[in-house]
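Novice: Let me begin by handing over the structure; questions about it come next.
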Amino acid sequence: MTDRKPLETLVRRAPWPDSVSRAVGTPLQPSVVYASENPDQLDAQYGGAVAGYTYAREGHPNADVLARKIDMLEGAEGGLVTGSGMAAVTAALMGILGAGDHVLGGDQLYGRSLRLMTQDLARFGIATGLFDPTDPATLEAAIRPETRMVLVEVVSNPTLRVADMEGIARICNDRGVLLAVDNTFTTPRGYRPFDHGADIVIHSVTKLLAGHSDATLGYVAARDPGLRKAIYDFAVTTGMTPSPFDCWLAERGLMSFPLRYDRAEENARVLADHLAGLKGVRRVVYPTRPDHPDHNRAVALLGARGGNMVSFELEGGRAAANALVRAMPEVAFAPTLGDIGTTLSHPNSSSHRNVAPEARARAGISEGFFRVSVGVEEIALLLRDFSAGVAAAS
Ligand SMILES: *Cc1c(COP(=O)(O)O)cnc(C)c1O
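Okay, here's the thing in structure tokens:
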């Protein structure tokens, strides 16, 4: 029998067991606080003379491990992982812009990014305008003397239009306007914004990078160290910190990202061609297909990399859409993208339900319009599911 210790010692942290071997997996560190040796050391930590964590909102190892890996993929330095993709978008905009500034956004940006720009920023005296990223002349026309930043996505949601990134970058450069690129859809496997004149890169890590629909996270990196610090300070002050467990999950998911992406992209290419041959499908949208409205630009910008997203339009209305979803229960009908498995979304009942009917019609988003986030399944399974769905709808 060992000596009985007073129960009060339970509150003392137990020492970590000694081991001459070390863990292969990344340790998960949920600690919110870090103990320093003495005030001199803590002072040196805060002053930046020595590296050391202090308080998890300011930074923690699991976020940093993940951030350094995404930095590597994007060719970035000092990127920040945030608690969601929207936190990353918000930190980039609100960490840099101030009252009197003007920001321009692509007219098909992610719904919440559009809302942030058009509704929330306005309350802080930051004006927003929109332009068509496939037509840089519309950007040129929208720029004002007080325009400070442009935010675009390379491939739009859900009509998968491909932005004229070269034209946009040239204009931003000439006019001294910061170019922020939300690279969620294209991923660094398809496009690396910092290699093409971007100042800021943003991700919803929730999607393809983490890849398993079990962690909500974002990432933002800036080329300029001053901007980087402004974004970091705003994110830490407003509490956009990610959970260590989510970062741990995402780092694990990220290990297989290139394999998942390549397989999903190949599946998407085959599925797009298959859908185009089915009776009852009015049109298929996939960037590298010859019938895509931006085909030449997609090939120039992305090479053979069309990505994992495919959109298509059924003949028929809501009833046909309901029938398709019912006939393919093994494909999750869920308003997300980037999961390891294929998911199906219907913009008219989800992401675009509050978009004005005229705007939807202009973009060709009808009741029969679906967006597919293609996963890594055996392709034969997917083709069978979609054939069954389209047959049931028509
Ligand atoms: C999902 C998404 C976001 C928001 O990311 P969350 O992690 O859901 O906050 C931003 N931009 C794009 C392009 C997205 O797809």
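At position 179 of the sequence shown (counting the first as 1) the number is 179 in the UniProt record's numbering, and the numbers step up by one without a gap. Don't be surprised by glycine CBs; every beta carbon is placed ideally from N, CA and C.
Between Ser204, Gly176 and Ile231, which has its C-alpha nearest Gly197's C-alpha?
Specialist: Gly176
Novice: Which residue comes first and which comes last in the beta strand (DSSP E) that contains Gly218?
Specialist: Gly218 to Ala222
Novice: I'd like the list of long-range same chain contacts for Arg223, defined as Cβ closer than 7 Å, with 5 residues on each side in sequence excluded.
Specialist: Taken in chain order, the residues that qualify are Phe194 and Asp199.
Novice: What residue range does the beta strand (DSSP E) around Leu153 cover?
Specialist: According to the sequence displayed, residue 153 carries Glu and not Leu. It spans Thr147 to Glu153 - the beta strand (DSSP E) in which Glu153 sits, taken as one unbroken run.
Novice: My parser needs the alpha helix (DSSP H) runs of 4 or more residues fully inside the segment 139–214; what are they?
Specialist: Within the segment 139–214, the complete alpha helix (DSSP H) segments at least 4 residues long are 165–175 and 187–190, listed from N- to C-terminus.
Novice: Grouping DSSP H, G and I as helix and E and B as strand, with all else coil, what is Arg283?
Specialist: strand
Novice: Over what stretch of residues does the alpha helix (DSSP H) that includes Met72 continue unbroken?
Specialist: Pro61 to Glu74
Novice: Sorry if obvious, but does the Cβ on Tyr110 come closer than 7 Å to a heavy atom of ligand 1?
Specialist: yes
Novice: Let me know if Asn62 comes out buried or exposed under the rule of 16 or more other beta-carbons within 10 Å of its beta-carbon.
Specialist: buried
Novice: Flag residue 395 as yes when its Cβ comes closer than 7 Å to any non-hydrogen atom of ligand 1, and as no otherwise.
Specialist: Because residue 395 is not part of the residues shown, which for the chain are 1 to 394, the question remains open.
Novice: Between Phe369 and Pro335, is the Cβ-Cβ spacing less than 8 Å?
Specialist: Cβ distance not < 8 Å, so Phe369 and Pro335 don't count as in contact.
Novice: Where are the alpha helix (DSSP H) runs, 4 residues long or more, that stay fully inside the segment 262–345, in chain order?
Specialist: 295–302 and 318–326
Novice: Taking DSSP as the reference, what is the three-state secondary structure of Tyr55?
Specialist: strand
Novice: Give every residue of the same chain whose Cβ lies closer than 7 Å to the Cβ of His292, excluding the five residues on either side of it in the sequence, and list them in chain order.
Specialist: Val285, Tyr286 and Ala298
Novice: Where DSSP assigns a beta bridge to Thr134, which residues make up the other side?
Specialist: BP columns for Thr134 are empty, so no partner.
Novice: Under 6 Å Cβ to Cβ from Ser394, same chain only, skipping five residues before and after it: list those, please.
Specialist: Gly280
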